[in-house]
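Q:
In my numbering, the protein residues as written are 162 to 426.
Below, the structure is given as structure tokens:
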């Protein structure tokens, strides 16, 4: 028979051995899970890198392949990053409609102008060409001058077209402008009195041509608007309305004169 002290020592030794085995088992389990997680992260990173390479290859292939062939294989092709840039630009104009009355570019509107400036800084080259001007700041100053002529400006896209060249994509966006003049615009250019345009709504068609380089950064923007035609049409409509009112007034005056003459007789 063993003495009580030996039995207690043996029991304590077995308990310590079980604790040690338990700690070793937990340690190996945590190490195994940690290694599995590292392997999973490495596998995901490798797959993401492969996907990025494939997307880059697809993008370069789409630039080299004629657009009709791309549309025949993938009818849902939306023009790729260049068209997305143009849509983002137009969305910056539309997103302000619910908050402010003045659209376009206004440096006094700190938040909206910062969004527009940040968009072009990230999407365009510093030497961006815009209607003969070079540089983003010069383009924004032109927009500031343009926006100051109107009480409200709204631009909406009608259709897009994409032409792929060896130097990069060219996106043509046909837009419709809703303009409300705040004071007579281009008074020297037109021989009509444009004070009648204040408070009226001009609806003009505009064609914007965006040029991109091979890395899908904007390098040029051209814009031709039918503002003169919209002004002439609106003034013609107003003149016709005034003429109709004058004709009705003349008829009313003649009828009143005839009634007075008949009563006098």
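No residue lacks a Cβ here, since even glycine has one placed at the ideal position from N, Cα and C.
1) What residues are listed by DSSP as bridge partners for residue 322?
2) For residue 331, would you say it is in contact with chain D, using Cβ-to-Cβ distances shorter than 9 Å as the test?
3) Quick one: is residue 217 buried, meaning 16 or more other Cβ sit within 10 Å of its Cβ, or exposed?
4) Find out if the Cβ-Cβ distance for the pair residue 317, residue 251 is shorter than 9 Å.
5) Can you tell me which of 320, 324 and 300 puts its alpha carbon nearest to the alpha carbon of residue 334?
6) What residues are listed by DSSP as bridge partners for residue 372?
7) Mind checking whether residue 289 and residue 381 have CB atoms under 9 Å apart?
8) Could you give the distance in angstroms between the alpha-carbon of residue 308 and the alpha-carbon of residue 277?
9) Output the distance between the C-alpha atoms of residue 195 and residue 203, rounded to the nearest integer angstrom.
10) Let me confirm a value: residue 284 is counted as buried when at least 16 other C-beta atoms fall within 10 Å, else exposed. Which label applies?
11) Ends of the alpha helix (DSSP H) at residue 279?
12) With a threshold of 7 Å on Cβ separation, who are the neighbours of residue 294 within its own chain once the five nearest residues in sequence on each side are excluded?
13) Leaving out five residues before and five after residue 178 in sequence, what residues of the same chain have Cβ atoms less than 8 Å from its Cβ?
14) Nearest-angstrom Cα distance between residue 184 and residue 190?
15) How big is the Cα-Cα spacing for residue 366 and residue 210?
16) Check whether the Cβ of residue 373 lies closer than 8 Å to any heavy atom of the ligand NAP, and answer yes or no.
17) To the nearest angstrom, report how far apart residue 270 and residue 244 are at their CA atoms.
18) Report all residues from its chain with a CB closer than 7 Å to the CB of residue 249; omit the five preceding and five following residues, and keep chain order.
19) Give me the Cα-Cα distance between residue 291 and residue 322, rounded to the nearest whole angstrom.
20) Are the CB atoms of residue 373 and residue 282 nearer to each other than 9 Å?
A: With the given structure in hand:
1) Start at 1 with the first residue of the chain shown, and residue 322 comes out as number 161. Answer by DSSP bridge pairing, in chain order: 333.
2) Chain labels in this structure do not include chain D; a single protein chain is all it has.
3) Position 56 of the chain shown, counting from 1, holds the residue named residue 217. In summary, residue 217 is exposed, with fewer than 16 beta-carbon neighbours lying within 10 Å of its beta-carbon over all protein chains present.
4) The residue given as residue 317 occupies position 156 in the chain shown. The residue given as residue 251 occupies position 90 in the chain shown. A contact, by the Cβ cut-off of 9 Å.
5) Within the chain shown, the letter at position 173 stands for residue 334. Nearest Cα to residue 334 within the set 320, 324 and 300: 320.
6) Working through the chain shown from its first residue, we reach residue 372 at position 211. Bridge partners of residue 372: 331 and 381.
7) If you number the chain shown from 1, residue 289 lands on position 128. If you number the chain shown from 1, residue 381 lands on position 220. Inclusion of residue 289 and residue 381 in the CB contact set at 9 Å is warranted, their separation being smaller than that value.
8) What you label residue 308 is simply residue 147 of the chain shown in a count that begins at 1. What you label residue 277 is simply residue 116 of the chain shown in a count that begins at 1. For residue 308 and residue 277, the distance between alpha carbons rounds to 14 Å.
9) As a position in the chain shown, residue 195 is number 34, starting the count at 1. As a position in the chain shown, residue 203 is number 42, starting the count at 1. Cα to Cα, residue 195 sits roughly 12 Å from residue 203.
10) The sequence position of residue 284 within the chain shown is 123, counting from 1. Looking at its Cβ environment, which holds 16 or more other Cβ atoms inside 10 Å, residue 284 is buried.
11) Here residue 279 corresponds to residue number 118 of the chain shown, with the count starting at 1. That run of the alpha helix (DSSP H) goes 271 to 284.
12) Taking the chain shown and counting its residues from 1, the one referred to as residue 294 is at position 133. Contacts found: 300 and 303.
13) One-based indexing of the chain shown puts residue 178 at position 17. Short of 8 Å from the beta carbon of residue 178, and not among the five residues preceding or following it, lies no beta carbon of its own chain.
14) Mapped onto the chain shown, residue 184 falls at position 23. Mapped onto the chain shown, residue 190 falls at position 29. Straight-line Cα distance between these residues: approximately 10 Å.
15) The residue labelled residue 366 in the question sits at position 205 within the chain shown. The residue labelled residue 210 in the question sits at position 49 within the chain shown. Their backbone Cα atoms lie some 44 Å apart in a straight line.
16) No copy of the ligand NAP appears in this structure; indeed no ligand is present at all.
17) On the chain shown, position 109 is the one that residue 270 refers to. On the chain shown, position 83 is the one that residue 244 refers to. Rounded to the nearest angstrom, the two C-alpha atoms are 27 Å apart.
18) If you number the chain shown from 1, residue 249 lands on position 88. So the list reads 280, once near-sequence residues are dropped.
19) Along the chain shown, one-based indexing puts residue 291 at 130. Along the chain shown, one-based indexing puts residue 322 at 161. Rounded to whole angstroms, residue 291 to residue 322 spans 20 Å at the Cα level.
20) For the purposes of this step, residue 373 is identified with residue 212 of the chain shown, where counting begins at 1. For the purposes of this step, residue 282 is identified with residue 121 of the chain shown, where counting begins at 1. No, these two residues do not count as a Cβ contact at 9 Å.
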